[in-house]
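Undergrad: Protein chains in written order, with the working numbering: chain A, 1 to 459; chain B, 460 to 918. Please see the structure below; I have some questions.
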């Protein structure tokens, strides 16, 4: 039987020996590389030495390496991956039927692990390199808590410390996430806190603040550089994170290849870019090398539209302005999405790699309002049996839209999207949606112009 | 390469065409059948006609059928199973290493679906037969909410109504579970409610009551028999449920057979018996037919010890005493486990099939205190990367104990246990454990003697 004739099962699982043995670094195939990180003190491209107080050695090398195409996955990480990977590539037969579309829909589901998302793919890698370097532990920030949970799991497995600064409003609204992290032995501190100078300053200046991701990053970095034996790790945006997350795309491509399937369109949600960058990596590689064209769509919330309404410029990655500057699509580091927005993907900037690819025309972006995202989430839950995270549901929304377009035109497009995680800890948001209390928010031109006007002067 | 030489992967997934095509009815291999249900009005064995107002036709046939060994799984249910099954059979390499045991530990993980447990296996079957009969909808009760969620998912998929009576304290303490059910379009009513006569009576008699499973069952049954086009469905205890849940054991056995592995010991948690009965079914079949011996252990909470401290007698299944009487291991239908107990498995009785097998010496039972259960859960979460439900953790606790015994004796036993679900909605209980506020509760002999003395007089 030829590949094309094979019946495609509901779920395709790779065998253990088919799982990726290397990560794929898409930068190696980019003719024009992403702009380098810049040291805010010298205003020059960062060096390994600049980053050494903050990041782990091996991760710095990965961060700065634009050339190595394939990076071997260390044996200990491959073992850990076997605990919860391969993740299933699912043919959405039920959703296709429900929509009555001729489109063929696939999704790569990363939510079947206790962190509830794809974040674990990079968490284990970063924790591994920290341990390899002989460090005592790592610090990080978390918003909704998926990254913090993932890092807690990885650190518990490897036996190193994990210190999480959790954005205060999430800490209070998501006590369950905090308890999951505690189950894994992590210490969780609401941010801003009195544990750092930046936290103290924020609390003095804004006593009632419920925190922000940018502030929590600053606190975690400060804690790392002031505590011997600790380094800072981050769950998105960075090049190293996209490298580790390429395991998503590599597995998805291998699973499709087994059945001779080529997607026409690849859709992913984009906050900092970790999932989207990982999912599209090997497909983008083929596109960059001119081997095959794919339509690639980033989906972001209308309330935090860095691709669609931001600018491509150097900006601060954190509120405390202590991290390197990064050239990326950004709304300005002082932009904080409205509290009305429940759906994650709240970061003001975007992965430098994805920013460059988007700027060069290799991918598109669309921004969607959250009520429509939750409608799509509910349709998906009822037909595919998975309760999706609001973040992931951005991709669902556009996948459904595209499948419905195919219904009109009769095109039998093959659509692949990333289903990054589950929504078990997002039921407050679902409740608001069920009760008809969910609103949409779109920042005004004035609001965005203001935060963008506060970009660093170098631009 | 012979089967024995195959390297066993971390996770064994069956192919779609290897999934069970029939359920297995263990009663067919029991020389002595479980005692029949008894109609409380006539005190005679129930007939199909007795049950027709309460249950769906095909399900009544399955309930009363002691003889048919294999029951074909309808095509529509097989399609639904493909959406979230096969569930992985996991080799617990990481746990084995952590414990330093020569034992080989496997677990069948049923938590990778949005209901969070194995309950979906029977929910889809019961919803299917209700729809096949042309019914408008079904009613049920739920405690912790796993069954209610599962039934909501199944009904949403098939497009029939789902009305859930949720034990009031759970309704209030687990608002997220309620929202998941609402996502699937179910109506969820806290029990006792003013919607039924039994509920009104309970509220009049005990105005501050937070409800019980027995009362919620009575309300759901009353609602079903008084609403045209509705029937009642139940997530555990019944023979039909164990029949549907045999898919767990059939898959587990097929996965082990692929690698030539025979377990020495099979361990499962037991509340009403749905998971344990399903997991052990095909193995028990071999044991009953004298083909192979297995050590089978039911694990129950020390706070609700129906096997280890109950009596084998006819009892009411519900507080309202409107359901058929069932001969089973029971603590008496007025027994309500202490509120101190957080770990599920709160039903006063036990599956009649398992009760009979236990009484005939085909399986053992142990009761474990909840603090030790949560310790085991935490160890498991940190090594295997899955946050287990408290219910499931009862089995983990005993599997770890047995593996540690092997460490002492040097025996290389093969242990299979059932990991029924995830604990995402049990973080209040985990929080109490982390904060050192969790207590153990063991009912006194006097307390049990009292509730057992209230058994119906026929015994």
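Where is the CB? At the ideal position from N, CA and C, for every residue including glycine.
Under 7 Å, CB to CB, which of the residues in the stretch 94-121 of chain A have a partner in chain B?
TA: 94, 112, 113 and 114
Undergrad: Can you check whether the CB of residue 597 (chain B) is closer than 8 Å to the CB of residue 605 (chain B)?
TA: Mapped onto the second chain, residue 605 (chain B) falls at position 146. Mapped onto the second chain, residue 597 (chain B) falls at position 138. It is not a contact, given that the beta carbons lie outside the stated cut-off.
Undergrad: Which residues in chain B sit within 7 Å of residue 182 (chain A), going by Cβ to Cβ distance?
TA: Working through the first chain from its first residue, we reach residue 182 (chain A) at position 182. Within chain B, the residues near residue 182 (chain A) are 893.
Undergrad: Mind checking residue 53 (chain A): buried by the 16 CB within 10 Å criterion, or exposed?
TA: The residue labelled residue 53 (chain A) in the question sits at position 53 within the first chain. The residue in question, residue 53 (chain A), is exposed, as its Cβ has fewer than 16 Cβ neighbours within 10 Å.
Undergrad: What is the C-beta distance between residue 811 (chain B) and residue 498 (chain B), in whole angstroms, given that I count them as a contact (C-beta under 8 Å)?
TA: Position 352 of the second chain, counted from the start, is the residue given in the question as residue 811 (chain B). Position 39 of the second chain, counted from the start, is the residue given in the question as residue 498 (chain B). Rounded, the Cβ-Cβ distance is 15 Å, inconsistent with contact.
Undergrad: Under three-state DSSP, which class holds residue 138 (chain A)?
TA: By one-based count along the first chain, residue 138 (chain A) stands at place 138. Strand, per DSSP.
Undergrad: Looking at chain A, is there any beta carbon in it that lies within less than 8 Å of the beta carbon of residue 839 (chain B)?
TA: On the second chain, position 380 is the one that residue 839 (chain B) refers to. So no, residue 839 (chain B) is outside the interface.
Undergrad: Whose Cβ in chain B lies nearer than 8 Å to the Cβ of residue 34 (chain A)?
TA: Against the first chain, residue 34 (chain A) aligns to sequence position 34. Simply none; closest approach about 33 Å.
Undergrad: With H, G and I counted as helix, E and B as strand and the rest as coil, what does DSSP make of residue 1 (chain A)?
TA: Here residue 1 (chain A) refers to the residue found at position 1 of the first chain. In this prediction, residue 1 (chain A) scores a pLDDT of 41, lower than 50, which makes its location untrustworthy; the coordinate-derived value is nonetheless stated afterwards. For residue 1 (chain A), the secondary structure class from DSSP, reduced to helix, strand or coil, is coil.
Undergrad: From this set, A:224, A:277, A:332 and A:402, which residue's C-alpha is nearest residue 448 (chain A)'s C-alpha?
TA: Here residue 448 (chain A) is taken as the residue at index 448 of the first chain, counted from 1. When each option's Cα is compared against that of residue 448 (chain A), the closest is A:332.
Undergrad: Starting from residue 217 (chain A), trace the alpha helix (DSSP H) in both directions and tell me its first and last residue.
TA: Taking the first residue of the first chain as 1, we reach residue 217 (chain A) at position 217. According to the DSSP assignment, residue 217 (chain A) belongs to the alpha helix (DSSP H) that extends over 213-226.
Undergrad: Secondary structure at residue 726 (chain B), three-state DSSP: helix, strand or coil?
TA: The residue you call residue 726 (chain B) lines up with position 267 of the second chain. Note: residue 726 (chain B) maps to strand in three-state DSSP.
Undergrad: Bridge partners for residue 880 (chain B) per DSSP, in chain order?
TA: Along the second chain, one-based indexing puts residue 880 (chain B) at 421. Partner(s): B:576.
Undergrad: Report the partner residues of residue 109 (chain A) according to the DSSP bridge assignment.
TA: As a working mapping, residue 109 (chain A) is identified with position 109 in the first chain. Its beta-bridge partners are A:419.
Undergrad: Rounded to whole angstroms, what's the CA-CA distance from residue 555 (chain B) to residue 185 (chain A)? Just pull it up for me.
TA: Here the question's residue 555 (chain B) lines up with position 96 in the second chain. Here the question's residue 185 (chain A) lines up with position 185 in the first chain. So the alpha carbons of these two residues sit roughly 20 Å apart.
Undergrad: Of all the residues that make up the stretch 7-31 of chain A, which are near chain B by a beta-carbon distance shorter than 9 Å?
TA: Residues passing the 9 Å Cβ filter: 7, 9, 10, 11, 13, 15, 16 and 17.
Undergrad: Residue 219 (chain A) to residue 122 (chain A), Cα distance in whole Å?
TA: For the purposes of this step, residue 219 (chain A) is identified with residue 219 of the first chain, where counting begins at 1. For the purposes of this step, residue 122 (chain A) is identified with residue 122 of the first chain, where counting begins at 1. Going by the C-alpha atoms only, they are around 21 Å apart.
Undergrad: If you measure between the beta carbons of residue 10 (chain A) and residue 91 (chain A), is that distance less than 8 Å?
TA: Here residue 10 (chain A) corresponds to residue number 10 of the first chain, with the count starting at 1. Here residue 91 (chain A) corresponds to residue number 91 of the first chain, with the count starting at 1. Taking 8 Å as the Cβ cut-off, residue 10 (chain A) and residue 91 (chain A) qualify as a contacting pair.
Undergrad: For chain B, find out if any of its Cβ atoms is closer than 8 Å to the Cβ of residue 179 (chain A); answer yes or no.
TA: For the purposes of this step, residue 179 (chain A) is taken as the residue at position 179 of the first chain. With a threshold of 8 Å between beta carbons, residue 179 (chain A) makes contact with chain B.
Undergrad: Pairs of beta-carbons, one from the stretch 259-266 of chain A and one from the stretch 336-345 of chain A, closer than 8 Å: are there three or more?
TA: no
Undergrad: Does DSSP put residue 296 (chain A) in a helix, a strand or coil?
TA: Looking up residue 296 (chain A) in the first chain gives position 296. Three-state DSSP puts residue 296 (chain A) in a strand.
Undergrad: I need the boundaries of the alpha helix (DSSP H) containing residue 57 (chain A), first residue and last residue.
TA: Here residue 57 (chain A) is taken as the residue at index 57 of the first chain, counted from 1. First-last of the alpha helix (DSSP H) with residue 57 (chain A): 57-64.
Undergrad: If you run the structure through DSSP and keep just helix, strand and coil, what is residue 620 (chain B)?
TA: Stepping through the second chain from its first residue, residue 620 (chain B) is reached at position 161. DSSP places residue 620 (chain B) within a strand segment (E or B) once states are collapsed to three.
Undergrad: Select from A:180, A:356 and A:120 the residue whose C-alpha is nearest the C-alpha of residue 885 (chain B).
TA: As a first step, residue 885 (chain B) must be located in the second chain, where it is residue number 426. Nearest option by C-alpha distance: A:180.
Undergrad: By a C-beta neighbour count over all protein chains shown, 10 Å radius and 16 as the cutoff for buried, is residue 315 (chain A) buried or exposed?
TA: One-based indexing of the first chain puts residue 315 (chain A) at position 315. Flag for residue 315 (chain A) reads buried.
Undergrad: Looking at the structure shown, is residue 52 (chain A) part of a helix, part of a strand, or coil, going by DSSP?
TA: Residue mapping note: residue 52 (chain A) aligns to position 52 of the first chain, counting from 1. Reduced to three states, the DSSP call for residue 52 (chain A) is coil.
Undergrad: Report yes if the C-beta distance between residue 521 (chain B) and residue 699 (chain B) is below 8 Å; otherwise report no.
TA: For the purposes of this step, residue 521 (chain B) is identified with residue 62 of the second chain, where counting begins at 1. For the purposes of this step, residue 699 (chain B) is identified with residue 240 of the second chain, where counting begins at 1. In this structure, residue 699 (chain B) lies closer than 8 Å to residue 521 (chain B) by Cβ.
Undergrad: Does DSSP put residue 907 (chain B) in a helix, a strand or coil?
TA: Your numbering for residue 907 (chain B) matches position 448 in the second chain. In the structure shown, residue 907 (chain B) adopts helical secondary structure according to DSSP, grouped into three states.
Undergrad: Which residue marks the beginning of the alpha helix (DSSP H) containing residue 180 (chain A), and which one marks its end?
TA: Within the first chain, residue 180 (chain A) is the residue found at index 180, counting from 1. 175-183 is the extent of the alpha helix (DSSP H) around residue 180 (chain A).
Undergrad: Of all the beta strand (DSSP E) runs that stay within the bounds of the stretch 823-869 of chain B, which reach a length of 3 or more residues?
TA: Every beta strand (DSSP E) stretch that sits fully inside the stretch 823-869 of chain B and reaches 3 residues is listed by chain position as 823-827.
Undergrad: Given residue 1 (chain A), which residues of its chain have a CB within under 8 Å of its CB, disregarding the five upstream and five downstream residues?
TA: What you label residue 1 (chain A) is simply residue 1 of the first chain in a count that begins at 1. The predicted position of residue 1 (chain A) is uncertain, since its pLDDT is 41 and thus under 50; a value taken from the coordinates is nonetheless stated next. Closer than 8 Å at Cβ, skipping near neighbours: no residue.
Undergrad: Whose CA, out of B:609, B:478, B:494 and B:693, lies closest to the CA of residue 534 (chain B)?
TA: Your numbering for residue 534 (chain B) matches position 75 in the second chain. Per the Cα distances, B:478.
Undergrad: Report the partner residues of residue 550 (chain B) according to the DSSP bridge assignment.
TA: Position 91 of the second chain, counting from 1, holds the residue named residue 550 (chain B). In the DSSP output, where bridge partners are listed per residue, residue 550 (chain B) has B:565.
Undergrad: Taking 8 Å as the CB-CB cut-off, is residue 156 (chain A) touching chain B?
TA: Translated into the one-based positions of the first chain, residue 156 (chain A) becomes position 156. Yes, because at least one Cβ of chain B sits closer than 8 Å to the Cβ of residue 156 (chain A).
Undergrad: Is residue 258 (chain A) close to chain B? Criterion is C-beta to C-beta, closer than 8 Å.
TA: For the purposes of this step, residue 258 (chain A) is identified with residue 258 of the first chain, where counting begins at 1. So no, residue 258 (chain A) is outside the interface.
Undergrad: What is the DSSP secondary structure of residue 201 (chain A), counted as helix, strand or coil?
TA: Here residue 201 (chain A) refers to the residue found at position 201 of the first chain. Three-state DSSP puts residue 201 (chain A) in a helix.
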